[in-house]
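Those protein sequences? They're chains A and B, same order as listed.
The opening residue of the first sequence carries number 0 in numbering that gives the first Met the number 0; numbering runs sequentially from there.
The opening residue of the second sequence carries number 0 in numbering that gives the first Met the number 0; numbering runs sequentially from there.
There are 2 protein chains.
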Amino acid sequence: MINHHFSNDTIVAVATAPGVGAIAVIRLSGPEAITITNTVFKGKDLTTQASHTIHFGTIRDADKVLDEVLVSLFMGPHSYTKEHVVEISCHGSDFIVQQIMQLLLKHGARLANAGEFTKRAFLNGQFDLAQAEAVADLIASDSALSHEVAMKQMRGGFSQEIKRLRGELVHFASMIELELDFGEEDVEFADREQLRTLILHIQGIIRELLKSFELGNVIKNGVPTVIVGKPNAGKSTLLNKLLNEEKAIVSDVPGTTRDFIEDEINISGITFRFIDTAGLRETTDKVEALGVERTMQKLSQSSLIIYLFDITEVTAEEVQAELDRLNPKKMPIVAVANKIDQATPGKLKAFDSIEGLLTISAAKGAHLEELKQGLVEKVNLGKLNVQQHTIVTNLRHVDSLNKTYAALDDVLNGLALGMSGDLVAADIRRALYSLGEITGEITTDDLLDNIFTKFCIGK
Amino acid sequence: MINHHFSNDTIVAVATAPGVGAIAVIRLSGPEAITITNTVFKGKDLTTQASHTIHFGTIRDADKVLDEVLVSLFMGPHSYTKEHVVEISCHGSDFIVQQIMQLLLKHGARLANAGEFTKRAFLNGQFDLAQAEAVADLIASDSALSHEVAMKQMRGGFSQEIKRLRGELVHFASMIELELDFGEEDVEFADREQLRTLILHIQGIIRELLKSFELGNVIKNGVPTVIVGKPNAGKSTLLNKLLNEEKAIVSDVPGTTRDFIEDEINISGITFRFIDTAGLRETTDKVEALGVERTMQKLSQSSLIIYLFDITEVTAEEVQAELDRLNPKKMPIVAVANKIDQATPGKLKAFDSIEGLLTISAAKGAHLEELKQGLVEKVNLGKLNVQQHTIVTNLRHVDSLNKTYAALDDVLNGLALGMSGDLVAADIRRALYSLGEITGEITTDDLLDNIFTKFCIGK
Chain A
0 MINHHFSNDT IVAVATAPGV GAIAVIRLSG PEAITITNTV FKGKDLTTQA SHTIHFGTIR
60 DADKVLDEVL VSLFMGPHSY TKEHVVEISC HGSDFIVQQI MQLLLKHGAR LANAGEFTKR
120 AFLNGQFDLA QAEAVADLIA SDSALSHEVA MKQMRGGFSQ EIKRLRGELV HFASMIELEL
180 DFGEEDVEFA DREQLRTLIL HIQGIIRELL KSFELGNVIK NGVPTVIVGK PNAGKSTLLN
240 KLLNEEKAIV SDVPGTTRDF IEDEINISGI TFRFIDTAGL RETTDKVEAL GVERTMQKLS
300 QSSLIIYLFD ITEVTAEEVQ AELDRLNPKK MPIVAVANKI DQATPGKLKA FDSIEGLLTI
360 SAAKGAHLEE LKQGLVEKVN LGKLNVQQHT IVTNLRHVDS LNKTYAALDD VLNGLALGMS
420 GDLVAADIRR ALYSLGEITG EITTDDLLDN IFTKFCIGK
Chain B
0 MINHHFSNDT IVAVATAPGV GAIAVIRLSG PEAITITNTV FKGKDLTTQA SHTIHFGTIR
60 DADKVLDEVL VSLFMGPHSY TKEHVVEISC HGSDFIVQQI MQLLLKHGAR LANAGEFTKR
120 AFLNGQFDLA QAEAVADLIA SDSALSHEVA MKQMRGGFSQ EIKRLRGELV HFASMIELEL
180 DFGEEDVEFA DREQLRTLIL HIQGIIRELL KSFELGNVIK NGVPTVIVGK PNAGKSTLLN
240 KLLNEEKAIV SDVPGTTRDF IEDEINISGI TFRFIDTAGL RETTDKVEAL GVERTMQKLS
300 QSSLIIYLFD ITEVTAEEVQ AELDRLNPKK MPIVAVANKI DQATPGKLKA FDSIEGLLTI
360 SAAKGAHLEE LKQGLVEKVN LGKLNVQQHT IVTNLRHVDS LNKTYAALDD VLNGLALGMS
420 GDLVAADIRR ALYSLGEITG EITTDDLLDN IFTKFCIGK
């Protein structure tokens, strides 16, 4: 059902990040990719070279040398887009990149829209829609788990599961539609009981997939985490310790320092995203006099609570009462006793009753590793093997799965009521349509635009 | 005199700018570049492929797929460094880049130092030192002229001139050293008068090269420009108009927006760098009550003065007096009458006596093009054909040229005093040494370190 799409124009975009680097890469795709490049390239005749070869030469605007470059050739269909693709590797100066881009535009290339290379790849059957979406997720991935899930999806893991479900339904749909061809004869090629069993089975899988989104969303966007506690419990000190340590780790490899998102930390491949830390980042948390309402609002946005208290100032009973009050919904909560370096053994002993209590000294940076491991265990992602589970990370897929589920409910109702084959077939087709939207067997222009305009230009 | 340098280790670095892009490129160079990549690459066996070919596959850490990549192979000596070079083109996520980098480091690659790829290229005779330096200039170039000069230098234009001069001197040096071999016999193989003529000729060329640095420096670093005028003349309005228009032009091609240097504009390929505009950028220039001393200090740092006045507030005589007072050294100065939309034709006529007067309305953005062309003409770079002149842009080269010139002076003095051949030969050798430092025929470790540590990592 893929609409093969033969573009009659050639697009161009910068494929590497902007800014100064040793090299930058400009990418062209389309029927004229090689001939346009050849017009401005001085070196070998590119039109007579083999696919997957690299050629040194200069890019010239008339007699003026713009740069010495390497040109990589990919002949369609053996390329990312399945069209002719050329990558020009030039010196990494934005000025030079601009000059070469303008020259290529002058010679007939068109500036690519966001995601247009990947859209062409999809339209030409390089991969399905869920895989194409995973390309963007992969580029945006910033933790081991989000990377792993996006990689699995890009390599077709998720698509296979959806296609398998769809394949089973298609069989029944065609059986029922065959019945319709026989019109008045009242034959049943499709075993109704078998169909019912299949649909219940598929609904079971969809429920699992929908449930995986809770996890998938956390993997993709991080675990929304909140630190609560009385003023002076040491919340800002703890947050700063966690974040600063992270910064030091991140800049391990020079040249790969990434834009650091202020209030995220990465533990064992899981991103913890701290909510509403603006107040905490101040030098003192005395300024923070959170009302009950404000605290509850923060809690409602989070999936994980760190309750921090100063062990020298409170009793175990007070802490337990506060834990119960904060967490009526039984969310994952980690109780953390701070300033244990100032507590006597007797004082510590008194807190044995607090379940899963962690003890730290934020100021001295003591036992922070244990705290981190405690957070990972609470989220309970650590033990999960994302390679072996299919995880939904995309809200669009959730929407399609929900629609499929509802259509299958209608099929079940129809069967229970003994509805005629044509009505049942229509509901099955609705289910097939929604499932097909996920992998792109069913697409509309709006759907495609919506997906690909979120990509970066050059991809 | 190049020391061929056979590295026994393999270096790796990210070659593209950091940040999110469609792709990023990781580059390895050294004897193990291909074998290390092959260890983590699943696809064809890279060790049996031809040079200048591209191969699709995956990068794996044990069983875990880190990314789908394209690997480009360059067999030494047919590569940038003349060693084996591999370029891995992966998805443009810093997380993925970090993962792949760490994997390559684990398998025996070493993180490259700044400029180490280009240093290896130089040591292996790919190009000379002045050409290597031009690579960095090329990457940093941000105007048509700086790009053109850097490109010419990278392609060897400047080096040829220096080598030609050096070649002529070498001939005489060897003649004189031949005399020394004959010791007591008092023969003269080198014609002293011819040598004197040659040295005067070479000194003439060096003077021209040194003079070109004034221009070269302006091309590379921009024309230091200052806007002066009374409070309320409209200086801040003019500056903002010029800079904002520039910003709009710069972002023409999406994806190539460059870091904008606040106070620079680019006109006809020339960069004008505005000095000390902090005060001007404020919403009003009333705050600026520049003392005479402060103004003079600004003027001394600039190469071009824009004197702006409100035509409705002053007479032509006052303006002329101010122009004379500001510019005792006869620096290029552009007189600009502002607010001409509020001036009567009679008023305008009264200013005919001011030489080269430009008339604008900064607030209405009127006649700004004429102002820009006026600035270009004053700098007088526009007519210069940088392709046909050798232009020195590097302070290190200026230093070496000055040393050469001084050594040649000593040769001339020696000849005039009838000094013995061995003393003359020593001075010629000093001149040869300094000239040789420019192109790297003479190098020291310190010199190389000093040059290449200024490069970005990955180049």
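C-beta atoms are modelled at their ideal positions from N, C-alpha and C, and glycine is treated no differently.
In terms of Cα proximity to B/Ala120, the closest of B/Lys105, B/Val84, B/Leu179 is B/Val84. Of all C-beta pairs linking the segment 346 to 359 of chain B to the segment 386 to 397 of chain B, fewer than three are shorter than 8 Å, placing the two stretches out of contact.
B/Pro344 carries a helical assignment under DSSP once its states are collapsed to helix, strand and coil. Taken residue by residue, none of the segment 405 to 423 of chain A has a beta-carbon sitting less than 7 Å from a beta-carbon on chain B.
For A/Ile310, the closest alpha carbon among the candidates A/Leu446, A/Lys346, A/Phe116 is that of A/Lys346.
The alpha carbon of A/Leu102 has as its nearest neighbour, out of A/Glu368, A/Thr15, A/Phe40, the alpha carbon of A/Phe40. Within the segment 7 to 18 of chain B, contact with chain A at the beta-carbon level (separation under 8 Å) is assigned to Ala12, Val13, Ala14, Thr15, Ala16, Pro17, Gly18.
Residue A/Lys118 holds the alpha-carbon nearest to the alpha-carbon of A/Leu446 among A/Phe181, A/Leu241, A/Lys118.
A straight-line Cα-Cα distance of about 58 Å links A/Asn216 and B/Thr438. Taking 9 Å as the Cβ-Cβ cut-off, the segment 39 to 54 of chain B approaches chain A at Ala49, Ser50, His51, Thr52, Ile53, His54, given in chain order. Beta-bridge analysis with DSSP links B/Glu86 to B/Arg26, B/Ser71.
In the three-state DSSP reduction, A/Val11 falls in the strand class (E or B). The residues Ser50, in chain order, have a CB closer than 6 Å to that of B/His77 in the same chain once the five nearest residues on each side in sequence are set aside.
For B/Val96, the uninterrupted alpha helix (DSSP H) run begins and ends at 93 to 105, by DSSP. The CB of A/Val313 never comes closer than 7 Å to any CB in chain B; the least such distance is about 41 Å. Pairing A/Phe212 with A/Val391 gives a Cβ-Cβ distance under 8 Å. Under the three-state reduction of DSSP, A/Ala143 is assigned to helix. Looking from the CA of B/Ala12, the closest CA among B/Tyr306, B/Ser88, B/Thr57, B/Ala342 belongs to B/Ser88. Annotation: A/Val84 has no Cβ neighbours in chain B at a cutoff of 8 Å; minimum Cβ distance is about 10 Å. For the pair A/Ala14 and B/Gly457, the CB atoms are not nearer than the 8 Å cut-off. Between the C-alpha atoms of B/Thr57 and A/Val134 there is a straight-line separation of about 15 Å.
Here A/Leu356 carries a coil assignment [DSSP, helix/strand/coil]. Beta-bridge annotation (DSSP): B/Thr57 is paired with B/Lys41, B/Glu67. Contact annotation: the segment 170 to 182 of chain B touches the segment 418 to 432 of chain B, with at least three C-beta pairs closer than 8 Å. One finds Ile53, Ser71 in chain B with Cβ atoms closer than 7 Å to the Cβ of A/Ser71, taken in chain order. Within the model, the alpha-carbon separation for A/Lys234 versus A/Ile226 is close to 7 Å.
In this structure, DSSP gives A/Val227 an extended state, which the three-state scheme calls strand.
A/Lys363 sits close to A/Asp340, with the two beta carbons spaced by under 8 Å. Those residues of the segment 20 to 34 of chain B placed with their C-beta closer than 8 Å to a C-beta in chain A are Gly20, Ala21, Ile22, Ala23, Val24, Arg26, ordered along the chain. Under DSSP, no beta-bridge partner is assigned to A/Thr452.
Spanning the alpha carbons of A/Phe116 and B/Leu122 requires a straight line of approximately 40 Å.
A contact between stretches requires three or more CB pairs, one per stretch, nearer than 8 Å, and the segment 154 to 166 of chain B fails this requirement with the segment 186 to 197 of chain B. Counting of Cβ neighbours within 10 angstroms places A/Lys105 among the exposed residues, the total staying below 16. Beta-carbon to beta-carbon, A/Ile95 and A/Asp66 are separated by about 5 Å, close enough to satisfy the 8 Å threshold. Between A/Ser158 and B/His90, the alpha-carbon positions lie close to 21 Å from each other. With contacts defined by Cβ atoms closer than 8 Å, B/Gln48 and B/Leu72 form a contacting pair.
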